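So for the sequence shown, my numbering puts the first residue at 23; every next one is plus one.
We put the CB at the ideal spot given by N, CA and C, even for glycine.
As the structure is a computational prediction, the values presented were derived from the model and not from experiment.
Here the structure is laid out as structure tokens; the discussion comes afterwards.
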Amino acid sequence: MSLVQRGLDRVPQRYRAVVLQHQELLKFAVVGAITWFVDTGTVYALKLTVLQDKPLTARALGVLIATIVSYVLNREWSFRARGGRQRHHEAALFFAVSALAIVVTVVPQAVSLYVFDIRVPHVSAPTQAVANFVSGQILGVLLAMGFRFWALRRFVFPEDLREAELETL
Numbered sequence: 023m024s025l026v027q028r029g030l031d032r033v034p035q036r037y038r039a040v041v042l043q044h045q046e047l048l049k050f051a052v053v054g055a056i057t058w059f060v061d062t063g064t065v066y067a068l069k070l071t072v073l074q075d076k077p078l079t080a081r082a083l084g085v086l087i088a089t090i091v092s093y094v095l096n097r098e099w100s101f102r103a104r105g106g107r108q109r110h111h112e113a114a115l116f117f118a119v120s121a122l123a124i125v126v127t128v129v130p131q132a133v134s135l136y137v138f139d140i141r142v143p144h145v146s147a148p149t150q151a152v153a154n155f156v157s158g159q160i161l162g163v164l165l166a167m168g169f170r171f172w173a174l175r176r177f178v179f180p181e182d183l184r185e186a187e188l189e190t191l
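In structure tokens, the structure reads:
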């Protein structure tokens, strides 16, 4: 029995239909949680070592690595039943959407650092760290996640194109 089936078996019967109706969203959220940990781990590993004075560079690299992991997991699990495009075309669209999502992710932290000036020497290092976490890891990631879900379903992994072509014949 698969992990998903075991989880579904634990859902009360009256909620099971809702879970099944939104299974893509739930799978996307699980992928998002996994890639959030990949992103966060990468960002803090870089900020605590080689990029101590470059929090936005660490953020961009964390998002880039998490995006690669996200493509594989979303293609093979979340949106497995969708698609129909050639893989290289689909991958190009995915990374274009993700590039826009990187901008969405970075904007709240950039505003925090450079518009509100919440950075050393204007504030203490712990204050900057908390502001970076809230603006980047929470607000930026949530905004980008909403954008990605909408754009992936709309442009990258639309309803199966093969089925749509067969219906028009």
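For residue i and residue j, which I take to be in contact (beta-carbon distance under 8 Å), what is that distance rounded to the nearest angstrom?
i: Q131; j: G168; result: Not a contact, Cβ separation roughly 17 Å.
i: S134; j: S157; result: 4 Å
i: V91; j: T57; result: 5 Å
i: L48; j: F171; result: Contact flag wrong, Cβ pair sits at about 11 Å.
In its own chain, which residues sit with a C-beta less than 7 Å from the C-beta of residue i, not counting the 5 before and 5 after it?
i: V236; result: With the chain covering 23 to 191 only, the question about residue 236 has no answer from this structure.
i: K69; result: P77, A80
i: Q150; result: I140, R141, V142
Return the chain-ordered list of same chain residues with a C-beta closer than 6 Å to the C-beta of residue i, the five sequence neighbours on each side being excluded.
i: L165; result: V126
i: E181; result: none
Say the cut is 7 Å; is the CB of residue i nearer than that to a heavy atom of the ligand SAM?
i: E181; result: The ligand SAM is not among the ligands present in this structure, which contains no ligands whatsoever.
Is residue i helix, strand or coil when you go by DSSP?
i: L191; result: Only weak support exists for where L191 lies, its pLDDT of 45 falling under 50; the coordinates are left without a value.
i: P148; result: helix
i: D139; result: coil
i: Q27; result: helix
Starting from the C-beta of residue i, find all residues in its chain whose C-beta is less than 8 Å away, skip the five residues before and the five after it, and write them out in chain order.
i: I205; result: Since the first residue of the chain shown is 23 and the last is 191, residue 205 is not available in this structure.
i: E112; result: R97, G105, V178, F179
i: R38; result: L30
i: P148; result: none
In the DSSP assignment, find the alpha helix (DSSP H) that holds residue i and state where it starts and stops.
i: D61; result: 45-69
i: S120; result: 109-132
i: I160; result: Counting along the chain, I160 falls outside any alpha helix (DSSP H), and DSSP gives it neither H nor E.
i: A82; result: 77-95
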